[in-house]
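Everything on this sheet refers to the single structure shown next.
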Amino acid sequence: MPVEYLLEKPSAEPLVAPVLDPSQQAVVDHASGPLLVLAGPGTGKTTTLVEVVVGRIDNHGYRPEEVLVLTFSRKAADEIRSRIARRLTRASAVSSAMTFHSFCYGLVREFADPESYARPVQLLSAPEQDATIAELVKGTGVDEWPAALHAGLRTRGFARELQQIMATARSLGMDAVDLDAVARRAARPDWLAAARFFDQYIGASALANTIDYADLVFQALGIASDPEHGDVLRGRYRLVVVDEYQDTDPLQVQLLAAIAGNGRDLIVVGDPDQSIYAFRGADVSGILDFPRRFATPAGPAPTLALGSTRRFGKNILEATRSIIDRIGVVGSLDRVAFEAFRHVASESDIDGEVVVETYATAAAEAEHIALRLREAHLTGDPVTGDKVPWNQMAVLVRSSAALARLQRTLSASGVPVEVAGDEVPLAAEPAVRTLLSALWVAERVSQGTPIDVEQSIAVLSGPLGRLDAPALRRLGRALRRADADREGGPKPSAELIATALTAPIELPAPEGHDPATAEAIRRTADVAALLARAAVQIVGREAPEQVLWTLWTGTDWPSRLRAEWESGGESAPGADHDLDALCALFQRAARTEEQQGHRTIASFVADLESQQIPGDTLADTGVRGEAVRLMTAHRSKGLEWRIVVVAGVQDGAWPDVRYRGSLLQSDRLGPDGVRPPASPASLAAEERRLFYVACTRATHQLVVTAVESGSESGDQPSRFVIELARHATVPNVRRRTRPPRPMSLRGTVAELRSLAESTTSPRVRLQASRMLAALAARDLWGTRGADPGTWWGVAELSEAEQPITDPDAPVRLSGSRVSSIVSCPLSWFLSHEANGPSGTTSAQGFGSIVHALAADVVRRDADADPVAMGARLDEVWRRLEFPARWVGERERVEAHRALERFARWHATHGRQTLAAEHSFVTELEIDGVKTILRGSMDRVELDVDGLVHVVDLKTSKTVPSFAGIAEHAQLGFYQVAVDQGATADLAPGALSGGAELVQLRKPAGARNPDDPKVQSQAPPDGVEPFFALEQIRQSVTVIRGEQFPATPSPTACGYCEFAQACPARPAGAAVVGGGQ
C-alpha cells in the first residue's frame, strides 16, 4: 500500500481587531479616491494599512485578489500579507502584498511571449549587474569612449558609473535613444558614449534573457501604459495601497499613475522625514507632490496624518522632533496635515532616556559602548531595570567603513554581534574569501602553473590549514633545510611553501622534526591533497559548485563552525554569519550554473570578485541567535530596538555635505538635459533625515556618541550631537579614558586577580580568592583564567617528560650555538629549540649573498673584481624582500660597498688562503661528555709560521668592543676546533695562530674608509686555560642540565626578540609574576 503524506499548514492564531486612534480610523473610513497618509515613526502605519485592506474586504465586498499592496522589502511584504490573512474573518485567498519589483516581474512574465515562458527571464541582482557591465565594457573599443575616460575604462569603478547613469535614465523613464538626445542637447560626449553602451547593454541582456531592477520597472511601465494591457490591470485592482511611499522614484510613480491614477482608489503611506535613499534614485518630491500629482476634478488628493506614536515616550519624542523640525514643509502638502504629522503625541507609558556622551578617542568610544551594552544585558537598563536581551540592542553608524572596527571591539569585549549580511560584498566575507582562495589555488594546480604566494599563505593560515605565524615559520625553515642543497641556495620560504601546495612531494617527511614542525608539515600535506582532489574535478570540467563543495567538506571546518554555532557562546553569532555567507556562496554558484551553463573556475571567481557592491542574498535572513545588531543607519529603517546607540557622529562625517559627484555625473542627468548639482542645503537635509531615522529606532533608551579629542585640530562632535545634547535626560558626559575593564567574565576574572594581588587587606584578598575559585569551578567560557593552575609564574618549574636532547647522544655544538648559550641560555632555547624567532630577515639575506660572492672568489682562485661581483649581486638581489623599495635600494648600495671593501682587503692580504666556506666536524670530551664541534669557517688561511688563522666575514651594522673581541665566543670556538683537527685536511698538524673578524660594513677608519675594519683575537698561549674551552663546557652543562636561565646584559638584551616574555626584564616580569 503506497504511503500517503498530508501536508498541513501550521495554523496561526487570528489577530484581534486592534483599537485604532481617531487618526487611524479616519484613514480606514476613507471612502474612495487617492489619499496620502503621513505616518511618522511608531505611529502604527502597518496596522492602519492592514485595517484598510481588511475593512475593504470584510465590509465592502472586495475580493482579496482585487487589493494590491506594494512595499519595498520582502520582509515587510511577508509581514503585511500574514497580518491581513490572520485578520480576515472569513476563509479566502490572501490579498496580493509584494514588493514593487516582485509586482513588476510578475507583469513582465505575464505579458511576455508565451514561447519564452519555458525559459523565464532571469532577474540580475545588483552585484551580478555590476559584473555583467564590467564584462561588456571589456569588449568595447577604446575609441568608442572620450579620451578623458580611457584611463578608467577597465576599472570596476567605471562599470559602477555606467550602472548608475543607466539606472538614473531608467528612473526618469528614458531609454538609450532618450539618453542620446539629452547628451546631444547638453553637449556631453561622455553621456553620448554611455547612451551607445546602454543600447549594447539592452541588446546583450535580451540575448542572455536577463533583466536588471531598473529595466524591470521600465518594462512594467511599458506594459501598464499599453491601452489594452493597462485596461486589464486597472480592471483587476479596485484598491492599490503603497507602503513607504517616500522611497519611490519617478518611474515607480509613473507606474502607479498608470494602474491607479485618474481618481481611482490609491492609498499611499509614507514619511517624508524618512526619505534617505536618494543615492538609489528615490525622490522625496514623489511624496511631497502626491496631492498635486494625483489630483482629481474635486481638487488635490487629500492628506491625513497619523497622530500618535507608540514606539517611544515623550523624552525620545521631544529629542528626535528637535532634529527634524529644522526641515520645513515643501511641495504641495496640506500644511495643517503636515503640522499634525510633525507634532504627534506619545502613548507610551515609558518616558525613555536620551544620553549623549563624548570620548577622547575612537577606541575609548567603542569600549564604553561595549560596556554599556553588557551592563544593560547583565544588570538591566536604567529606564525599566529589566535585563535587555542582546537582540533588543543595536549600534548604528553613518558609514559601513566603521563596522569592522566596532565589530572587533564589541566581540573582544564579550558582546555577541551580528553585522547584516548585505552590508558587504559576498566576496569580501571572510569565510567566502577562504573558499575562493582555495578554489583559485586549485585552479592553478589543475593547470600546473605557479601559485601566488599570498594566496597560498591565505589558504594555509585560514580555516582550512589553520597554520598560525609560528607554524608557517617552522614550515618554512623545514622546507629551506630540505632545499639547502639546491644549486644557488634555497629559495625564499614563502616561495617554497607555495610550491609545496602544488607539488606535495616537495614536503619533507614529518618524522625527524619536532612535534610542532611535524604537525605543520602534516596539515600542509592534508591541504595539498585536498587541493589536488579539487584540481582533478576542475580538469574533469565539473561545475564550480561541486569543486567548492569538495573544498568545504574536505576538512573539519564545517563541524567546527557548527559546534561554535550550537555552543551558544560569544562566538556563535560569528559562526552563524559565516554559515549564512557560505550558503549564499553556494546559492550563487548554483545560480551561475543555471543561468550561464558551464563556467570556468577562473571566470566564476573573477565574476564574484568583481561584484564590489553588496547584494541582497543575505538581506533578510535575520538573526537566529542572540546578538546585538551592528549596521548602517540606512540599513536600520523599519526596525526598532529597546536600546539604540548611534555611534561616531563626527563633524565632517555626519552630516557629510560634500558634493557626491562622480565621473559620469549621473546625479546631474535630467529629463531635459543637465540639472544643477544638489545644493549643500539639500544634502544637509538628507543627512539630517538619516540621523533622525537612526535616532527614532529606539524605544527605551537612545544613546548618541562621538569623539571629542580636546584639540582644535582633532576630531570634534557633529552639530547634530550638540543640538541633541540640549534634550538629553541625563547630564552629558565627556569621558577622557577607556573603561577600567570590560564587563565580561574575562574582565571580571582579570579584575579579581588584580585585586587579590594588589590589596593590603587580608579580608578582601580572601573574598577575591573565593570568588575566583567559584568562577574556576563553573568551567565556563572565559573563566579559565580564574584557575591558578593556568597563571604564569605560579606553577612550579616543570621538567619535560622526555629530555630535549638524547642523554646518550653526543652534544653537538657550533660556534653560533656556543655564542648564543653563553650570551643568554633562555634566548638560545626560545630561538633554537622552541622555534621562536620571527624568521629570516633581509639582513640575513644581505649577508648570505655577500658571503657567497666572497667564497666564490676563493673557489675560483680569481681576483676579486668588485665590478663583476657587483653585477652578480644585482642579479640575485631581487630575491630579497624589504619593507619598502627605498630600503632595498639603500641596502643594495651598502652591499656594493661591502664587496668593494672585501676586494681591497683580499688583494692586499698577505696570508695564504687555504679554503672558503670550509665545513668541519671534530670532537673532544668535556667532563666525560662526548662533544662534537661542527660548523663552517668563512675563510681558512695559513701564515708564514705555518699557523692557521680563521677569518669570519661580518656584514652586521654593529661591531664588538675591543674587550669583547678578546673573548669572542665564535672566534674562540673556531680556534679550539682548529687545535682539535678541524683543518687537518688543509694543513695537517697546524695549530691555531689566531682568528679575526673582517667587518665589511665598517670602514677601517677615517683615513682609509675603503678598507674594512679588522678585529683580531689572539691564539691560546699554552699557559692560561683558553677561555673558549670554558665556554664550550658551560654550553654542554646547559644542554645536559636543561636549565635555561635569563642572563641580562647590554649586548644580549639590545636585540633580543623575547624581551616581552623574559623574567629578567620589566615587561616579562609583569607577565610572569609581577617581580615577586
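Going from the sequence shown to my numbering is simple: count from 1 and add 701. Don't be surprised by glycine CBs; every beta carbon is placed ideally from N, CA and C.
Query raised in the report: What residues in its chain sit with their C-beta under 7 Å from that of Q1613, if we drop five residues either side in the sequence?
Result: Counting from one through the sequence shown, the residue named residue 1613 turns up at place 912. Result list for Q1613: E1642 and L1643, in chain order.
Report task. Inspect the beta-carbon positions of S1194 and G1163 and report whether they are closer than 9 Å. Result -> Counting from 1 along the sequence shown, the entry for residue 1194 is found at position 493. Counting from 1 along the sequence shown, the entry for residue 1163 is found at position 462. No, the pair does not count as a contact, with Cβ atoms beyond the cut-off.
**Report entry** Under 9 Å between C-beta atoms of E1758 and L1531
**Finding:** For the purposes of this step, residue 1758 is taken as residue 1057 along the sequence shown, with counting starting at 1. For the purposes of this step, residue 1531 is taken as residue 830 along the sequence shown, with counting starting at 1. Cβ distance < 9 Å, so E1758 and L1531 count as in contact.
Query raised in the report: Taking V1558 as the reference, which of V1523, W1606 and V1519 has the closest Cα?
Result: Position 857 of the sequence shown holds residue 1558. Nearest C-alpha to V1558: W1606.
Query raised in the report: Ordered along the chain, which non-local residues of its own chain (more than five positions away) have a Cβ less than 7 Å from that of T1506?
Result: Mapped onto the sequence shown, residue 1506 falls at position 805. The answer, listed in chain order, is I1740.
**Report entry** Spatial distance of V1228 from A1487 (CA atoms)
**Finding:** For the purposes of this step, residue 1228 is taken as the residue at position 527 of the sequence shown. For the purposes of this step, residue 1487 is taken as the residue at position 786 of the sequence shown. So the alpha carbons of these two residues sit roughly 37 Å apart.
**Report entry** Beta carbon of R1778 nearer than 9 Å to that of W1492
**Finding:** Beyond the ends of the chain as shown, which are 702 and 1777, falls residue 1778; an answer cannot be given.
Query raised in the report: Whose C-alpha, out of L1176, R1234 and Q1700, is nearest the C-alpha of A1221?
Result: By one-based count along the sequence shown, residue 1221 stands at place 520. Closest by alpha carbon: L1176.
Query raised in the report: Between the Cα of T1430 and the Cα atoms of P1083, T1449 and D1628, which residue gives the shortest distance?
Result: Within the sequence shown, residue 1430 is the residue found at index 729, counting from 1. Selected option, being the one with the closest Cα: P1083.
Query raised in the report: With 16 as the cutoff for other CB atoms within 10 Å, does S1380 come out buried or exposed?
Result: Sequence index remark: in the sequence shown, residue 1380 carries index 679 (1-based). S1380 comes out exposed.
Report task. Assign A870 to one of three DSSP states: helix, strand, or coil. Result -> Locating residue 870 in the sequence shown gives position 169, where the first residue counts as 1. Reduced to three states, the DSSP call for A870 is helix.
Query raised in the report: With distances taken between CB atoms, is the gap from L1097 to V1345 smaller than 9 Å?
Result: Looking up residue 1097 in the sequence shown gives position 396. Looking up residue 1345 in the sequence shown gives position 644. Yes, they are a contact pair.
Query raised in the report: Taking three-plus beta-carbon pairs below 8 Å as touching, is the region 843-854 in contact with the region 886-898?
Result: yes
Query raised in the report: Just how far apart, CA to CA, sit L1692 and P1211?
Result: Taking the sequence shown and counting its residues from 1, one reaches residue 1692 at position 991. Taking the sequence shown and counting its residues from 1, one reaches residue 1211 at position 510. Answer to the nearest angstrom: the Cα atoms are 42 Å apart.
Query raised in the report: Secondary structure at K1714, three-state DSSP: helix, strand or coil?
Result: Counted from its first residue, the sequence shown places residue 1714 at position 1013. If DSSP states are grouped into helix, strand and coil, K1714 belongs with the strands.
Requested in this report: Output yes or no for whether 9 Å exceeds the beta carbon distance between I977 and K746.
Outcome: Looking up residue 977 in the sequence shown gives position 276. Looking up residue 746 in the sequence shown gives position 45. In this structure, K746 does not lie closer than 9 Å to I977 by Cβ.
**Report entry** Beta-ladder partner(s) of G1000, from DSSP
**Finding:** For this step, residue 1000 is matched to residue 299 along the sequence shown. For G1000, which the question treats as bridged, DSSP gives the partners T997.
Requested in this report: Report, in whole angstroms, the separation of the C-beta atoms of G1008 and D722, which I expect to be a contact under 8 Å.
Outcome: The residue given as residue 1008 occupies position 307 in the sequence shown. The residue given as residue 722 occupies position 21 in the sequence shown. About 7 Å separates the two Cβ atoms, so the contact holds.
Query raised in the report: Can you round the beta-carbon distance between G741 and D913 to whole angstroms, since I take them to be within the 8 Å contact cut?
Result: Mapped onto the sequence shown, residue 741 falls at position 40. Mapped onto the sequence shown, residue 913 falls at position 212. No, G741 and D913 are not in contact; Cβ-Cβ is about 33 Å, not under 8 Å.
Report task. Reducing DSSP to helix, strand and coil, say where Q1148 ends up. Result -> Residue mapping note: residue 1148 aligns to position 447 of the sequence shown, counting from 1. Here Q1148 sits in helix by DSSP.
Query raised in the report: For the alpha helix (DSSP H) that W892 lies in, which residues bound it at each end?
Result: Translated into the one-based positions of the sequence shown, residue 892 becomes position 191. Counting along the chain, the alpha helix (DSSP H) containing W892 begins and ends at P890 to A909.
Query raised in the report: Is P992 closer than 9 Å to L1283 when the C-beta atoms are compared?
Result: Counting from 1 along the sequence shown, the entry for residue 1283 is found at position 582. Counting from 1 along the sequence shown, the entry for residue 992 is found at position 291. Cβ distance not < 9 Å, so L1283 and P992 don't count as in contact.
Report task. Let me know the secondary structure DSSP gives D1130 once reduced to three states. Result -> Taking the first residue of the sequence shown as 1, we reach residue 1130 at position 429. The identity of residue 1130 in the sequence shown is Glu, whereas the question assumes Asp. E1130: coil per DSSP, three-state reduction.
**Report entry** A1719 beta carbon less than 9 Å from that of A1667
**Finding:** Counting from 1 along the sequence shown, the entry for residue 1667 is found at position 966. Counting from 1 along the sequence shown, the entry for residue 1719 is found at position 1018. Yes.
Report task. Report all residues from its chain with a CB closer than 6 Å to the CB of I1522; omit the five preceding and five following residues, and keep chain order. Result -> Here residue 1522 is taken as the residue at index 821 of the sequence shown, counted from 1. Around I1522: W1529, S1736 and V1739.
Query raised in the report: What's the C-alpha gap between R1224 and T1135?
Result: The residue you call residue 1224 lines up with position 523 of the sequence shown. The residue you call residue 1135 lines up with position 434 of the sequence shown. Going from the Cα of R1224 to the Cα of T1135 covers about 16 Å.
Query raised in the report: Just curious, the alpha helix (DSSP H) that Y978 is in, first and last residue?
Result: As a working mapping, residue 978 is identified with position 277 in the sequence shown. Unbroken run through Y978: none, as it is neither H nor E.
Query - Same chain only: Cβ atoms within 6 Å of H1619, ignoring 5 sequence neighbours per side - result: As a working note, residue 1619 is residue 918 in the sequence shown. Counting only Cβ-Cβ distances below 6 Å, and skipping sequence neighbours, we find M1638 and V1641.
Query raised in the report: Taking the C-alpha atoms as reference points, what is the distance between A1354 and T744?
Result: By one-based count along the sequence shown, residue 1354 stands at place 653. By one-based count along the sequence shown, residue 744 stands at place 43. So the alpha carbons of these two residues sit roughly 30 Å apart.
Query raised in the report: Does the beta-carbon distance from T800 to L771 come in below 9 Å?
Result: Translated into positions along the sequence shown, residue 800 becomes position 99. Translated into positions along the sequence shown, residue 771 becomes position 70. Closer than 9 Å, so yes.
Query raised in the report: Using a Cβ-Cβ cut-off of 6 Å (strictly less than) and excluding sequence neighbours within five positions of P1713, which residues of its own chain qualify?
Result: For this step, residue 1713 is matched to residue 1012 along the sequence shown. Taken in chain order, the residues that qualify are R1602, W1606, V1699, Q1700 and L1701.
Requested in this report: Report buried or exposed for S906, applying the criterion of at least 16 other Cβ atoms within 10 angstroms of its Cβ.
Outcome: Indexing the sequence shown from 1 puts residue 906 at position 205. Buried.
Query raised in the report: Name the DSSP bridge partner or partners of I1344?
Result: To locate residue 1344, count along the sequence shown from 1; it is residue 643. BP columns for I1344 point to M1094 and Q1402.
Query - Whole-angstrom distance between P1432 and T1748, CA atom to CA atom - result: For the purposes of this step, residue 1748 is taken as residue 1047 along the sequence shown, with counting starting at 1. For the purposes of this step, residue 1432 is taken as residue 731 along the sequence shown, with counting starting at 1. The alpha-carbon atoms of T1748 and P1432 are separated by roughly 55 Å.
Report task. Determine the DSSP secondary structure at I1028, reduced to helix, strand or coil. Result -> Locating residue 1028 in the sequence shown gives position 327, counting from the first residue. In this structure, I1028 counts as coil in the three-state DSSP scheme.
Query - Close beta carbons around V657, own chain, < 7 Å, minus the five adjacent residues each side - result: This structure leaves residue 657 out entirely; the chain is present only between 702 and 1777.
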